[in-house]
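*Asks:*
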Amino acid sequence: MLRQTIFLIIFGALSIASGQNGRYFTGLRGMEDSLGNTHLFYRVYEEVDDGFWDYQRNDMFHLDLANASDTLFLESYYGINTFGDFEALILEDIEWINNDPSNYIATGAFSDIDPVIQVFLPDTTFSIWLGVGENVEVSTANPQRVYLEGWYGFGFFRSDDGGYSWESDSFGDPKIINQISNLRVSPFDENILFGSATGPSQFDDMVKSTDGGNSYYVVKPFFVGLDGNLNIIFTNDSLVLYAATGYYERIWKSTDAGENWQFVYHNNAPFFVIPDPDNPGTLYSWRDDSIHSSTDGGTTFLPYRTLSGEILNLYKKPASDLLYAATTSKIYEISPTDTTVLKLLDPVGIGEAPASIAEGFALHQNYPNPFNPYTTIAFDLPKSAEIELAIFDIAGRKVATVAAGKYAAGSHTVTFNAENLSTGVYFYRLQTKSSTQIARKMLLLK
4 MLRQTIFLII FGALSIASGQ NGRYFTGLRG MEDSLGNTHL FYRVYEEVDD
54 GFWDYQRNDM FHLDLANASD TLFLESYYGI NTFGDFEALI LEDIEWINND
104 PSNYIATGAF SDIDPVIQVF LPDTTFSIWL GVGENVEVST ANPQRVYLEG
154 WYGFGFFRSD DGGYSWESDS FGDPKIINQI SNLRVSPFDE NILFGSATGP
204 SQFDDMVKST DGGNSYYVVK PFFVGLDGNL NIIFTNDSLV LYAATGYYER
254 IWKSTDAGEN WQFVYHNNAP FFVIPDPDNP GTLYSWRDDS IHSSTDGGTT
304 FLPYRTLSGE ILNLYKKPAS DLLYAATTSK IYEISPTDTT VLKLLDPVGI
354 GEAPASIAEG FALHQNYPNP FNPYTTIAFD LPKSAEIELA IFDIAGRKVA
404 TVAAGKYAAG SHTVTFNAEN LSTGVYFYRL QTKSSTQIAR KMLLLK
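In terms of this note's numbering, the sequence shown opens at residue 4 and continues consecutively.
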C-alpha cells in the first residue's frame, strides 16, 4: 500500500518538464512471421501538449519490412491536465504468439487513481491486480501458458488460456512467489521457469521451477548480486543456457539445462548480450556505440561494428547473418559487410520540417520515468562542449554527477544508476562551460 500511495502522490503531482521538445527511439524488438519475414517493433518517446493535457508518450510502432509499412501498434503514455488530473496507460513488455505479428500479449499499467496491472490482447484489454505488470512470458512449447510478473513485488500470475484469465498467489511458495523477479520460461517446456528470489543474505538466489511455478528450488545461491539483475538467455539447444549478472558485467554458462553454472566472461563495464538463435556458441554483445561478437560461447568477444550513437537494443534474424539495431535516432540493418539505416527519426515531430539533431541544445526527459534504479538520459549539443550532467534532490543538493567532460556535437545518451538514492523526485541539469543550462524532473520509485 505504501508503494501505491507514493506512486499516486508523486505521479499525480508530476508536471512534465517544459523545454525544447524532442523525439527519440527508446527500444527495439523483432520477430519473424510464419513466412520468415522480419517485423520490427520500435518505441518513440515524445512530449505532446495540446493546451489542456500535457503528455509524455512512449508509443510502440510496427515496421513491416516485407510490406514496407510503418504504423502505430500500441499506445503508451501518461499525462496531467491543467486541473491537475492525470491518466496513464503504460506499456512495459510484450510477446508475440505463433509467429504472428498481430497475435500478442502485453502488460503494463493503467492508472487514474491507483495503478493496476493491465493486460493487452488483440481483441481486449483489462486489469487484473493492483500494481504494474513488468514482464510477460509466453511459452513457445505451449502458447496458451503465459506468466506475468508484477512490478516491485505486486504478484506473480499464470494463465492457461492465452492470457484471458489468470491464477495468482494461490499456487507456489509465497515466500518466493511474492519476491520473484527476472522471470524467464523455457522455450522447450512451459513448466520450466528461471528467476531470482531473495535469499538469506542481501544477495538474490537463482531459482528454478519444473512444475510451472508450483515449487522452486535454488540452483545457485547468492548468484545475482546486490544490483538484482539477472538475464537468462536460452539457445536452440535445450541444455545450453547463459546468464548475465552483476549489472550485466558477467556471463555464466550452463550445459545441463541450468542445474550447474560456469563463469565464462567478465567486463568492467555493463553490457548487454543476445544469442544467435541458430548457434548456441555464438553471442552478440553491445555497450555504448559498439557491437561485439563471440563464437566460443562467451569466452572472448571481438569487435563487430560501431554505430553513430548509443545502442538501445539488438535483434538477430534467425537463419541469416543480419542484425537489427536501434540508437536514439536511427534503426539499422547490419550485415557482415554493410550497415544500412532503415529509419531516421524526425526529431521535431510528425509533419514538421526535419532538423539536424545538432542544431539545438536539448535535454530530453529520462526514460523510463518513474524508474528503479536505472534510467537513460539523452541530450543534444549544437557544437562540441565541456558539459556536466548532474543530479539534484528536491532540496537542491547535488547527489550525483552522471557525465562530465568534453562531448562532441550531436546526440548523446547516458545511463544513471540510482541504487544509492531514496524514493522521491529528483532534478537533472545539463550545463556547459559557457553557462548554458537546462533542467528536468524525474521520479525514482523503489
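Here a beta-carbon is modelled for each residue, glycine too, at the ideal position from N, C-alpha and C.
As the structure is a computational prediction, the values presented were derived from the model and not from experiment.
With distances taken Cα to Cα, identify the nearest neighbour of S37 among L310, F44 and A69.
*Replies:* As a working mapping, residue 37 is identified with position 34 in the sequence shown. Measuring from the Cα of S37, the nearest candidate turns out to be A69.
*Asks:* How should R400 be labelled, buried or exposed, when 16 other C-beta atoms within 10 angstroms of its C-beta is the threshold for buried?
*Replies:* Against the sequence shown, residue 400 aligns to sequence position 397. Per the 10 Å Cβ criterion, exposed.
*Asks:* Here's the rule: buried if 16 or more other CB atoms are within 10 angstroms of the residue's CB, otherwise exposed. What is F55?
*Replies:* For the purposes of this step, residue 55 is taken as residue 52 along the sequence shown, with counting starting at 1. It is exposed - the Cβ of F55 has fewer than 16 other Cβ atoms within 10 Å.
*Asks:* Using the C-alpha atoms, what's the distance from T258 back to G82?
*Replies:* By 1-based counting over the sequence shown, the position of residue 82 is 79. By 1-based counting over the sequence shown, the position of residue 258 is 255. Distance between the alpha carbons of G82 and T258 is about 48 Å.
*Asks:* Going by Cα to Cα distance, which pick from Q121, H65, T285 and G30 is closest to L305?
*Replies:* For the purposes of this step, residue 305 is taken as the residue at position 302 of the sequence shown. For L305, the nearest C-alpha among the options comes from T285.
*Asks:* Three or more beta-carbon pairs under 8 Å between the stretch 230 to 245 and the stretch 212 to 221, yes or no?
*Replies:* Judged by Cβ distances under 8 Å, the stretch 230 to 245 makes no contact with the stretch 212 to 221, as fewer than three pairs qualify.
*Asks:* Taking the alpha-carbon positions, what's the S168 to S162 distance?
*Replies:* The residue you call residue 168 lines up with position 165 of the sequence shown. The residue you call residue 162 lines up with position 159 of the sequence shown. Those two C-alpha atoms are separated by around 6 Å.
*Asks:* Round the Cβ separation of I93 and V135 to the nearest angstrom and send it over; I've been treating them as touching at under 8 Å.
*Replies:* Taking the first residue of the sequence shown as position 1, residue 93 is located at position 90. Taking the first residue of the sequence shown as position 1, residue 135 is located at position 132. Confirmed, Cβ separation roughly 7 Å.
*Asks:* Considering only the beta carbon of each residue, do L448 and V428 sit closer than 8 Å?
*Replies:* Along the sequence shown, one-based indexing puts residue 448 at 445. Along the sequence shown, one-based indexing puts residue 428 at 425. Against a cut-off of 8 Å, the Cβ pair of V428 and L448 comes out as no contact.
*Asks:* Compare the beta carbon distance of A393 and A403 with 8 Å and say whether it is the shorter of the two.
*Replies:* Translated into positions along the sequence shown, residue 393 becomes position 390. Translated into positions along the sequence shown, residue 403 becomes position 400. Yes, these two residues count as a Cβ contact at 8 Å.
*Asks:* When we look at the beta-carbon of I179 and count the other beta-carbons within 10 Å, is it buried (16 or more) or exposed?
*Replies:* Here residue 179 refers to the residue found at position 176 of the sequence shown. Per-residue confidence for I179 stands at a pLDDT of 41, beneath the threshold of 50, marking its modelled position as unreliable; the derived number appears in the next sentence. With 16 or more other Cβ atoms within 10 Å, it is buried.
*Asks:* What residue range does the beta strand (DSSP E) around K211 cover?
*Replies:* For the purposes of this step, residue 211 is taken as residue 208 along the sequence shown, with counting starting at 1. K211 -> beta strand (DSSP E) spans D207 to S212.
*Asks:* What would DSSP say about W56, mapped onto helix, strand or coil?
*Replies:* Taking the first residue of the sequence shown as 1, we reach residue 56 at position 53. Three-state result, W56: strand.
*Asks:* Starting from F237, trace the beta strand (DSSP E) in both directions and tell me its first and last residue.
*Replies:* Translated into positions along the sequence shown, residue 237 becomes position 234. Here the beta strand (DSSP E) through F237 covers L233 to F237.
*Asks:* Excluding sequence positions up to five away, which residues of its chain have a Cβ less than 6 Å from the Cβ of L151?
*Replies:* Working through the sequence shown from its first residue, we reach residue 151 at position 148. If we look at L151 and ignore the five residues flanking it on each side, its Cβ neighbours are T110, G136, V139 and F160.
*Asks:* Whole angstroms is fine: what's the gap from T85's alpha carbon to Q368's?
*Replies:* Mapped onto the sequence shown, residue 85 falls at position 82. Mapped onto the sequence shown, residue 368 falls at position 365. About 20 Å.
*Asks:* Which residues bound the beta strand (DSSP E) around G33?
*Replies:* Within the sequence shown, residue 33 is the residue found at index 30, counting from 1. Run containing G33: Y27 to E35, per the beta strand (DSSP E) assignment.
*Asks:* Bridge partners for Y107 per DSSP, in chain order?
*Replies:* In the sequence shown, the residue the question calls residue 107 occupies position 104. Answer is W99, bridged to Y107.
*Asks:* Considering only their Cβ atoms, is the gap separating V222 from G198 smaller than 8 Å?
*Replies:* Position 195 of the sequence shown, counting from 1, holds the residue named residue 198. Position 219 of the sequence shown, counting from 1, holds the residue named residue 222. Contact: no.
*Asks:* Can you list, in chain order, the stretches of the beta strand (DSSP E) that have 3 or more residues and sit fully within the stretch 291 to 343?
*Replies:* Fully enclosed beta strand (DSSP E) runs of 3 or longer: 293 to 297, 305 to 309, 316 to 319, 326 to 329 and 333 to 337.
*Asks:* Indicate the three-state DSSP secondary structure (helix, strand or coil) for S218 in the structure shown.
*Replies:* Sequence index remark: in the sequence shown, residue 218 carries index 215 (1-based). Reduced to three states, the DSSP call for S218 is coil.
*Asks:* Can you give me the C-alpha to C-alpha distance between N40 and D396, rounded to a whole angstrom?
*Replies:* Translated into positions along the sequence shown, residue 40 becomes position 37. Translated into positions along the sequence shown, residue 396 becomes position 393. Answer to the nearest angstrom: the Cα atoms are 48 Å apart.
*Asks:* Would you check if the distance between the CB atom of E35 and the CB atom of P278 is smaller than 8 Å?
*Replies:* Within the sequence shown, residue 35 is the residue found at index 32, counting from 1. Within the sequence shown, residue 278 is the residue found at index 275, counting from 1. In this structure, P278 does not lie closer than 8 Å to E35 by Cβ.
*Asks:* Using alpha carbons as the reference points, say which of Y370, D281 and S79 lies closest to R443.
*Replies:* Residue numbering aside, residue 443 sits at position 440 when the sequence shown is read from its first letter. Taking only the C-alpha atoms, the option nearest R443 is Y370.
*Asks:* W154 by DSSP, collapsed to three states: which one?
*Replies:* Position 151 of the sequence shown holds residue 154. Correct three-state label for W154: helix.
*Asks:* Taking contact to mean at least 3 C-beta pairs separated by less than 8 Å, is the stretch 298 to 312 in contact with the stretch 327 to 334?
*Replies:* Yes, the stretch 298 to 312 is in contact with the stretch 327 to 334.
*Asks:* Near D176, what residues of its chain come up, given a Cβ to Cβ distance below 7 Å and the 5 sequence neighbours on each side ignored?
*Replies:* As a first step, residue 176 is located in the sequence shown; it is residue number 173 there, counting from the start. Summary for D176: the model assigns pLDDT 44, below 50, so the residue's position carries little reliability, and this model does not support an answer.
*Asks:* CA-CA distance, Y58 and L348?
*Replies:* Indexing the sequence shown from 1 puts residue 58 at position 55. Indexing the sequence shown from 1 puts residue 348 at position 345. Taking the straight line joining both Cα atoms gives about 19 Å.
*Asks:* For the candidate residues Y48, V47 and L66, whose alpha-carbon lies nearest to that of G33?
*Replies:* Taking the sequence shown and counting its residues from 1, the one referred to as residue 33 is at position 30. Comparing Cα positions, the closest option is L66.
*Asks:* How should S189 be labelled, buried or exposed, when 16 other C-beta atoms within 10 angstroms of its C-beta is the threshold for buried?
*Replies:* Here residue 189 refers to the residue found at position 186 of the sequence shown. Counting Cβ neighbours within 10 Å, S189 comes out buried, since at least 16 surround it.
*Asks:* Count the other CB atoms within 10 Å of the CB of Q265; is the residue buried (16 or more) or exposed (fewer)?
*Replies:* Within the sequence shown, the letter at position 262 stands for residue 265. Its Cβ having fewer than 16 others within 10 Å, Q265 is exposed.
*Asks:* Is the shortest distance between the beta-carbon of E98 and the beta-carbons of chain B less than 8 Å?
*Replies:* Checking the listed chains, one finds no chain B in this structure; it contains a single protein chain.
*Asks:* Does the Cβ of T3 have 16 or more other Cβ atoms within 10 Å, making it buried, or fewer, making it exposed?
*Replies:* Outside the displayed span of the chain (4 to 449) sits residue 3, for which this structure offers no information.
*Asks:* Which residues does DSSP list as the beta-bridge partners of D192?
*Replies:* Numbered from its first residue, the sequence shown carries residue 192 at position 189. Looking at the DSSP assignment, D192 forms no beta bridge with any residue, so it has no partner.
*Asks:* Taking Cβ positions, are K436 and A388 nearer each other than 8 Å?
*Replies:* Your numbering for residue 436 matches position 433 in the sequence shown. Your numbering for residue 388 matches position 385 in the sequence shown. Result yes, Cβ atoms of K436 and A388 sit closer than 8 Å.
*Asks:* For D164, count the other beta carbons within 10 Å of its own beta carbon; 16 or more makes it buried, fewer makes it exposed. Which is it?
*Replies:* In the sequence shown, counting from the first residue as 1, residue 164 sits at position 161. Per the 10 Å Cβ criterion, exposed.
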